[in-house]
Amino acid sequence: MSRGVQEESILEKKAREIDKFQRDLNILYEEGILMSIDFVIGRSGTGKSHKIHTRILDESLEDPSGRPVILLVPEQMTFQAERELLALADRALTRVQVLSFPRLAFRLLQETGGAARKQISKNGIHAMLRQITDESRNELELYKNSLTAPGFIQQLERMLTECKRYQLSCTMMQEAYESLDEKEHLTASEKKLRAKLHDFSLVHKKAEETLSGKYVEAEDLLQLTAEAVPSSAMLEKSRIYIDGFHSFTPVEEEIVKQLMKKTEVTMTLVLDEEPEMNDRGHPLDLFFETASTLQQLKSFSMEEGISYNYEKLVEGHRFQSSGLSFIEQNIERFPTKMGKGTGIDLWEAVNHRTEVEHTAREIVRLVREENYRYRDIAVMTRNVEAYRSYIETIFPLEKIPFFMDNKKSALDHPLTEFIKSALETIEKGWPYEAVFRMIKTELLFKEIGGEEREQADILENYVLARGIRGKKWYEEEPWDYFVDPAEEDADNRVKTLEELRSNLIKPVRNFEKNMKKARSVRERAEALFFFLEEAAVPAKLQQMHDQSLEAGRLREAREHEQMWKETVRLLDDIVEISRQDKISLKIFRDMIEAGLESMQFSVIPPAFDQVLIADAETSRLQHVKAVFLLGVNEGIFPKKPDENGLLSEEERKYMEQSGIKLAPGAENQLQGESFLFYRAVTQASKNLYISYALQDAGGNAMKPSRFFSQTAAMFPEEPLKTKFESPQEQGVEHEPDFVTNPERSLTYMTVQLQQRKQGYNIHPVWWQVYEWYLNQNENRRFSTLLSSLTYKNQPVELKKSLSRRLYGKKINASVSRFEQFNACPFSQFSKYGLKLKERAAYKLEAPDIGLLFHAALKDVTERVQEENKDLRTLSRAEITRYAEEVVENLAPRVQREIFNSSDRYKYILRKLKDVVSRASIIMTEQAKRNDFVPVGFEIGFGQGEAIPPLQFTLSDETVVEVSGRVDRVDKAETSSGIYLRIVDYKSSSRDIKLDEVYHGLAMQMLVYLDVVISFADDWLGVEADPAGVLYFHVHNPVLKTNERLTLEEIEELLLKQFKMKGLLSSNEEVIAASDTSIESGWSNIAPVRLSKDGKPAGGSRTLAPDDYGLLRQYIRSHMQNLGQRMADGDISLTPYKKKQQIPCTYCSYKSFCQFDPSLDTNNYRTLPEKSAEEVIEAIRKQKGGKTDD
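Residues in the sequence shown are numbered from 1 upward in steps of one, following the UniProt record's numbering.
Right under this line is the structure:
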């Protein structure tokens, strides 16, 4: 006899023994001696759930007072299962209880006494872990710097939960650490794992010590439940049905095994065949996980002598479309089987938002045209959070009721922010950000949504401008609030704001005082609770609850209700765990924040007829006709393995090889994704829509996953439909699909008609929609939006009479005002006509630094002159001393002593002293090398100043007076006369471009030069000619060089870094006076290069004396024209564009003017670039009566 025949005989003999053993068990079961388990198996859609629901119904109706029946289902399925049973029975079923594992634990422990220990919520556990890690920071090896990292506490809690589920004690983890610690030679990865095990064992042990014998958490309850099953009288004669699971955690499996030993159990499993004994199949098999579950339970039944039976359901009852039936039978089969069928739609969308928008439109179509109910439809995705914001925005616009079947984080709830910001306020000394985050929750107001909100904005403006921090908040002296005493009702306004400040700070101050007295966890928790009570938070949450109910936002209303209960429970848990532990305010704050960050809202559907938004992993669907499976993208479905846990995949494998079984790693997670996809695509009975996005929210390209590609390959004749954002892109035949409801369609229609205005053809349906809207006169919103079609976004020119009233008969203007008018007339009107201004803020900005530099450099020079010293003869040390003293004296005047407000600003002040010192030293060196000497600093011109204003009289006798202040005027005396130049200090590098002068964008320097030259005889007592206009860059440059330099070379390089930019007169005497140290080549002081014969060479920034005269005349004429336009009421919205340069980039009024270059009526004024020669030539032509092209 061959060896193969011998082995076959052995197997046949073994099979006969098993069959005989099973028959014997069945006999014992029939005699009531043994328990049994029945497995109802079948592929998806074969009616397994319906089968056991019918059995439960039959049992209950046959004997309403008979033995209890328990239907055990996943937690997400309890509501649906109850609804299904009630729908079948059409009456109450008193014998039947639908329970999840947590609810079974609650019932069982109530009966057996295991519920005596207090249960700690997950939020409380997070708070406890924060306290443990904070207090153990110095003992940790790896994680001491990760404690505040986002998600770290959640990862730590998940690891602890995993240990409980897989029955791993802290001793076992400690032993794993010790075994690694004893090894002599560790690899880098082993050293890291050792450190992880050290830290985790330490935290695990302290957590066990805290909870041991007194408290339980959710995972402990399940273990206690497994222990309580044998002694339960409730289960003694119960009938157990288990439905909706495909696998169990070890502790859940232990409960099932104990139930099998206790009573009769019937379980459904998604499985196509009964596996052979001890054969779980290949890990890549579609039903590997369910086959493994069945084998484990079957082996247990054999060991315990429990009878088991199978009932295999073959006929598919669910699928009403041939395509759905085909996909169920052939998914994950290789080679791919191709077929035809109805009910399958494959989409690609340009992005997630478009994916959701087309889903919403198709839902509307199904409801309208195919008589679907919303409850017949589900939207499923592997990553609900990636789609949440789009669904929550788009579905309400399409009037689609929906329910998110997953828990929502409480992080965005006002009470979460209120508590976090209140704790930060008192811990960090009332910083602006924390205080106003707290105020803006409105939980300190007398009532939600009251008039205090507007008053709080005024209060915030004052706090920002004054830099209010710390005790300034609660000082007794009243604030002034920028209220003009001459204003009507000024006293009442101040009184109202002072009352608001008092009402806001009173509960917070009491909270701060109580926290300072508190030492223990209990005392600190009580202080927080009393603060919430004093602020009347419960009453305000009730108000928010009522407002949400009234508006029909039922889920939101329940969130407000849950939030208070969960907050109080968190405080109770913290006190229960820590009691009299002495902790710092910081650790208490960390504990509270950890608890709040893990808080989630669990809400049942507020209505029956809703679209279910389901998670492909956790949600369970029943009786849905259509499923939209979104986001079947690479990395989303199948989901990329979670590598964010405390243990990496390699570390998990190492632990498993060491005999420690943990939750499935990345490899097993990927294997389970195929089953999740199978389950997702087999839930619908009529229509399945599978889609993926081509781009993520950041515009990065995305690919379809292998699941999508495999499905598409199964249906080669099913076209892939691309979904676009706009109706035109979608195609003519699909444009009517965008007409869904009046509000939503209005948006699309306005865009289409704007396109028509630009000359594009549009679909006739939009004219029909437009005609419909025209007949809806009673709806003001429609009328307003329709009027936008003719809106031009161009302000109407002011009437001259109104302009005169606004500006007066005498217009006092700076040069920068004219420049702003040239940049954009509407911007000038916003600032000087409407007097709009940005909110003042207590911070150091560029203009503040510029003013400090101007004043400091002026004061340094004046102090030297007052002491009858020559700047050119001072040492570096003396100049530095002068500079530092001057800056120190000026600092308190900047932004209300801002340099004393923080260490950061004190550091900035030190750096500014360095800058002014360096600039002063360079100015001294420049003074040594040129013949120009300062004759005035901060010289004002205008009414009441040393120099009179420039004046222009307009056509209606309106007078324009131009005033300003010149940083520095230098004078040089030459054989041909007196020359004056303007030097302007800038904190950034600047230069003069004549085309910007020509276009009126940079006239200031040349106007200043015009003024000092025109009135030189008045203020200097002598006539003068123009020498130039220069910018001096105030900075402290860092030299970059690879060469070794001498001190002299370094000083020369530094001097070169400060070379002034601008324009000089081409007069040879002026050039010679500008830098006496050169004979040829580039100057290190002025923007000029000399040829060997001493004349200006190529690249020099010079202008002929006659050309200065031309520019002076042109600019005066130009300003007079601008003044005339200003007075005539020109407020046009016409910003310039010069290459890529536009004034809108830094304009303070762009949110006000709403300039939109996509509109026909919003166009830039394009300014051509011109060389200096072209500018001069253009001005000459204009002077000669010719116009510039």
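The beta carbon of each residue, even a glycine, is placed where N, CA and C say it ideally should be.
Using a Cβ distance threshold of 8 angstroms, Leu197 and Leu180 count as a contacting pair.
Pro414 sits in a helix when the DSSP states are folded into three classes.
In terms of Cα proximity to Gly1098, the closest of Ala701, Asp737, Met1060, Gly1081 is Gly1081. A distance below 6 angstroms between beta-carbons, with the five flanking residues on each side excluded, links Gln669 to the following residues of its chain, in chain order: Pro641. Look at the stretch 728–773 and you find these whole runs of alpha helix (DSSP H), each 4 residues long or longer: 742–757. If one requires a minimum length of 4 residues, the alpha helix (DSSP H) runs lying completely within the stretch 84–172 are 101–112, 122–135, 152–165, in chain order.
Under the three-state reduction of DSSP output, His1033 falls in the strand class. When the Cα atoms are used, Gln728 and Gln455 turn out to be separated by approximately 47 angstroms. Remark: C-beta atoms of Gln295 and Val251 do not approach each other more closely than 8 angstroms. In the pairwise beta carbon analysis, the stretch 1018–1029 is classified as touching the stretch 962–981: at least three pairs are separated by under 8 angstroms. Separation of Leu554 and Pro605 (C-alpha to C-alpha, rounded to the nearest whole angstrom) is 9 angstroms.
Three or more beta-carbon pairs separated by less than 8 angstroms are not found between the stretch 906–919 and the stretch 945–957, which leaves the two stretches without contact. Within the stretch 928–956, the runs of beta strand (DSSP E) at least 3 residues long that lie entirely inside it are, in chain order, 933–941, 950–953. Judged by DSSP secondary structure, Ser36 falls within the beta strand (DSSP E) whose first and last residues are 36–42. With fewer than 16 other CB atoms across the displayed protein chains lying within 10 angstroms of its CB, Lys446 is exposed. Residue state for Asn889 is assigned as helix, using DSSP reduced to three classes. Its chain contains Glu452, Gln455, Ala456, Leu459 as the residues whose beta carbon lies nearer than 8 angstroms to that of Leu500, once the 5 sequence neighbours on both sides are disregarded; these appear in chain order. A residue is called buried when at least 16 other Cβ atoms come within 10 angstroms of its Cβ; Tyr1146 does not meet this threshold and is exposed. Sequence-distant partners of Ser146 (beyond 5 residues in either direction) whose C-beta falls short of 7 angstroms from its own C-beta, in its chain, are Phe152. Annotated three-state conformation of Pro1087 is coil, per DSSP. If you draw a 10 Å sphere on the C-beta of Ser801, you find fewer than 16 other C-beta atoms in it, and that means exposed.
Beta-bridge analysis with DSSP links Val966 to Ile939. Judged by beta-carbon spacing, Leu789 lies beyond the 8 angstroms limit of Gln155, meaning their Cβ atoms are not closer than that value.
Taking a contact as a CB-CB distance under 8 angstroms, the pair Ile690 and Leu346 counts as one, their CB atoms being some 6 angstroms apart. Taking 8 angstroms as the cut-off, the beta carbon of Asp272 is found no closer than this to the beta carbon of Arg620. Between Met35 and Thr263, the C-beta gap is smaller than 8 angstroms, which places the two residues in contact. Scanning Arg373, Leu1047, Tyr143, Pro335 for the CA closest to the CA of Asp609 turns up Arg373. Of all C-beta pairs linking the stretch 881–896 to the stretch 1005–1012, fewer than three are shorter than 8 angstroms, placing the two stretches out of contact.
CA-to-CA, the gap between Glu1023 and Gly1109 works out to about 15 angstroms.
When only Cα atoms are considered, Glu274 and Thr290 end up about 10 angstroms apart. With contacts defined by Cβ atoms closer than 8 angstroms, Ile922 and Leu1054 form a contacting pair. Counted as a single uninterrupted DSSP element, the beta strand (DSSP E) harbouring Val379 occupies residues 377–381. The beta strand (DSSP E) runs of length 3 or more contained entirely in the stretch 772–844 are, from start to end of the chain, 810–814. Taking a cut-off of 8 angstroms for Cβ pairs, the stretch 704–718 and the stretch 357–364 do not touch, as fewer than three such pairs fall below it. Minimum Cα-Cα distance from His623 among the listed residues Leu57, Asp58, Met77, Lys1170 corresponds to Met77. Within the same chain, Glu556, Ala557 come within 6 angstroms of Ser548 by CB-CB distance, once the 5 residues on both sides are set aside.
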